[in-house]
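Colleague: Please see the structure below; I have some questions.
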Ligand SMILES: [Fe+2]
């Protein structure tokens, strides 16, 4: 029988497991294994690391490289066959759970004019960020929304939803973001197809934005009992204007520049229970300081070009590229232009971290943060 190293995670630190293998202990461990049990001290230092250990790899997906493959999917499968015609983003460290980073899934969905995917609902919360094309729409619980470039749309968990492109539109590509891996990790994931495959439009088109996107205003006397945002679509133009106005009166964050969160206008909190989102503006030549956070982030370049350094590795990005920052990875962002601003959309799982009391952040260099090495 091959010798098993049970003491591979020993640490010579008071309070940590530090038990050397002996013939008697190894025999004991084998007896425990055959009883479907184990000695905690053989794995304790591994399963309770000193700080978060992410299996996710910092990643950049270049849009210009992925786009032809996404368009190829348009030729190869129909929405009826595929359910959803999506090319998903695979993180080499998270292929087992189909995550782009951490417990977050993401993919690029493509639809042609006149196409519409079937209506469905699921336990996973979902969002979309529109990358290109005209005529795209989403229907969420009867609220139909028209979508344009850089618009951000919610399809909260439990809501019936379908997506399509109007007859007079063009081929549209949008990014999906879902917490599917988290739902599966929690063993809480249900999926249903709408009994009629398509749901009716039961409200005026774009009514959620007309009702809830007023500047600091909310419909009087309208109760909102649901746990997700009543505002389902956040349009690009007012988002960019808000960033510019904020930038005119604030230095913003040293780590993120001008960063604004998309919020639930009823509660002021995150847009959905498990996932939050933000848009940030980096001023010309701005280069932020590095920090790290408990939580996983997927960034999409809404405007401009530049680079980010993630755990010491540089990733150059341009419009529509997507990059992943794993939990507790140091990261900083730089606008590559001396004359124009750059904008980064991001979604993340910070609502989960905060709800569970797990959120932390640390500036680079604090408490002995390691020195990043540029490559
Ligand atoms: Fe869905």
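Numbering (this note's numbering), first residue to last: 755 to 1129. Ideal Cβ positions, reconstructed from N, Cα and C, are used throughout, including at glycine.
Contact defined as beta carbons within less than 8 Å: I believe residue 897 pairs with residue 945. What is the distance between those atoms, to the nearest angstrom?
Modeller: On the chain shown, residue 897 is found 143 positions in, with the first residue counted as 1. On the chain shown, residue 945 is found 191 positions in, with the first residue counted as 1. Incorrect: roughly 21 Å between the Cβ atoms, too far for contact.
Colleague: Taking the alpha carbon of residue 817 as the reference point, which residue from 1065, 1093, 1056 has its own alpha carbon closest?
Modeller: Taking the first residue of the chain shown as position 1, residue 817 is located at position 63. Of the listed residues, the one whose Cα sits closest to residue 817 is 1056.
Colleague: According to DSSP, simplified to helix, strand and coil, what is residue 855?
Modeller: Residue mapping note: residue 855 aligns to position 101 of the chain shown, counting from 1. Three-state result, residue 855: strand.
Colleague: Which runs of the alpha helix (DSSP H) fall wholly inside the region 980-1049 and span at least 4 residues, in chain order?
Modeller: Segments of the alpha helix (DSSP H) lying fully in the region 980-1049: 990-1003.
Colleague: Taking only three categories from DSSP, how would you classify residue 909?
Modeller: Translated into the one-based positions of the chain shown, residue 909 becomes position 155. Of the three classes helix, strand and coil, the one that applies to residue 909 here is strand, per DSSP.
Colleague: If we call anything under 9 Å between Cβ atoms a contact, is residue 1043 one with residue 1092?
Modeller: Numbered from 1 along the chain shown, position 289 holds the residue referred to as residue 1043. Numbered from 1 along the chain shown, position 338 holds the residue referred to as residue 1092. Against a cut-off of 9 Å, the Cβ pair of residue 1092 and residue 1043 comes out as no contact.
Colleague: Between the alpha carbons of residue 781 and residue 1017, how many angstroms are there, rounded?
Modeller: Walking along the chain shown from the start, residue 781 turns up at place 27. Walking along the chain shown from the start, residue 1017 turns up at place 263. Distance between the alpha carbons of residue 781 and residue 1017 is about 57 Å.
Colleague: My parser needs the alpha helix (DSSP H) runs of 4 or more residues fully inside the region 830-901; what are they?
Modeller: Taking only runs of at least 4 residues, the alpha helix (DSSP H) segments lying wholly in the region 830-901 are 833-836.
Colleague: Can residue 909 be considered in contact with ligand 1, in the sense that its beta carbon sits closer than 8 Å to one or more heavy atoms?
Modeller: Looking up residue 909 in the chain shown gives position 155. Yes, the beta carbon of residue 909 sits closer than 8 Å to at least one heavy atom of ligand 1.
Colleague: Using only the alpha-carbon positions, how far apart do residue 797 and residue 856 sit?
Modeller: The residue you call residue 797 lines up with position 43 of the chain shown. The residue you call residue 856 lines up with position 102 of the chain shown. Rounded to the nearest angstrom, the two C-alpha atoms are 22 Å apart.
Colleague: For the structure I just gave you, are there three or more beta carbon pairs, one from the region 878-893 and one from the region 904-912, closer than 8 Å?
Modeller: As far as the Cβ criterion goes, the region 878-893 touches the region 904-912, which means the pair count is three or higher.
Colleague: From residue 1009 to residue 1045, what distance separates their C-alpha atoms?
Modeller: The residue labelled residue 1009 in the question sits at position 255 within the chain shown. The residue labelled residue 1045 in the question sits at position 291 within the chain shown. Approximately 6 Å, taken between the alpha carbons.
Colleague: So residue 994 and residue 1097 are in contact, right, with Cβ under 8 Å, and what is the actual spacing, rounded?
Modeller: The residue you call residue 994 lines up with position 240 of the chain shown. The residue you call residue 1097 lines up with position 343 of the chain shown. Confirmed, about 7 Å.
Colleague: With the cut-off set at 9 Å, would you say residue 1033 and residue 1013 are in Cβ contact?
Modeller: Working through the chain shown from its first residue, we reach residue 1033 at position 279. Working through the chain shown from its first residue, we reach residue 1013 at position 259. Contact flag set, yes.
Colleague: Taking 6 Å as the limit between beta carbons, can you name the residues of its chain near residue 1152, skipping five residues before and five after?
Modeller: With the chain running from 755 to 1129 in the structure shown, residue 1152 is simply not present.
Colleague: Buried or exposed: which applies to residue 1028, given that a residue is buried once 16 or more other Cβ atoms fall within 10 Å of its Cβ?
Modeller: In the chain shown, residue 1028 corresponds to position 274, counting from 1. By the 10 Å Cβ count, residue 1028 comes out buried.
Colleague: Cβ of residue 1006 within 9 Å of Cβ of residue 1087?
Modeller: Looking up residue 1006 in the chain shown gives position 252. Looking up residue 1087 in the chain shown gives position 333. Not a contact, by the Cβ cut-off of 9 Å.
Colleague: Within a Cβ cutoff of 8 Å, which residues of the same chain sit near residue 783, ignoring the five residues on either side of it in sequence?
Modeller: Within the chain shown, numbered from 1, the residue matching residue 783 stands at position 29. So the qualifying residues of the chain are 758, 760, 792, 793, 796.
Colleague: Looking at the secondary structure, which residues open and close the beta strand (DSSP E) in which residue 945 lies?
Modeller: On the chain shown, residue 945 is found 191 positions in, with the first residue counted as 1. From DSSP, the beta strand (DSSP E) with residue 945 extends over 945-947.
Colleague: Taking the alpha carbon of residue 800 as the point to measure from, which residue in 765, 825, 822 has its own alpha carbon closest?
Modeller: In the chain shown, the residue the question calls residue 800 occupies position 46. Residue 800 has its Cα closest to that of 765, out of 765, 825, 822.
Colleague: Could you check if residue 880 belongs to the surroundings of ligand 1, using beta carbon to heavy atom distance under 8 Å?
Modeller: Position 126 of the chain shown, counting from 1, holds the residue named residue 880. True, at least one ligand heavy atom lies under 8 Å from that Cβ.
Colleague: Assign residue 919 to one of two classes, buried (16 or more other C-beta atoms within 10 Å of its C-beta) or exposed (fewer than that).
Modeller: Working through the chain shown from its first residue, we reach residue 919 at position 165. Buried, because 16 or more other Cβ atoms sit within 10 Å of the Cβ of residue 919.
Colleague: Strictly by DSSP, which residues pair up with residue 919?
Modeller: Translated into positions along the chain shown, residue 919 becomes position 165. Answer by DSSP bridge pairing, in chain order: 890.
Colleague: When every heavy atom of ligand 1 is checked, does at least one fall within less than 8 Å of the C-beta of residue 839?
Modeller: Translated into the one-based positions of the chain shown, residue 839 becomes position 85. For ligand 1, not one heavy atom lies less than 8 Å from the Cβ of residue 839.
Colleague: Rounded to a whole number of angstroms, what is the C-alpha to C-alpha distance between residue 899 and residue 959?
Modeller: Numbered from 1 along the chain shown, position 145 holds the residue referred to as residue 899. Numbered from 1 along the chain shown, position 205 holds the residue referred to as residue 959. Each residue's alpha carbon lies about 6 Å from the other.
Colleague: Below 8 Å, is the gap between the Cβ of residue 862 and the nearest heavy atom of ligand 1?
Modeller: In the chain shown, the residue the question calls residue 862 occupies position 108. Not under cutoff, so the answer is no.
Colleague: Please state whether the Cβ-Cβ distance between residue 1100 and residue 991 is less than 9 Å.
Modeller: What you label residue 1100 is simply residue 346 of the chain shown in a count that begins at 1. What you label residue 991 is simply residue 237 of the chain shown in a count that begins at 1. Cβ distance not < 9 Å, so residue 1100 and residue 991 don't count as in contact.
Colleague: Report the residue from 1059, 841, 961 whose alpha carbon sits nearest the alpha carbon of residue 1074.
Modeller: What you label residue 1074 is simply residue 320 of the chain shown in a count that begins at 1. Closest option to residue 1074, Cα to Cα, is 1059.
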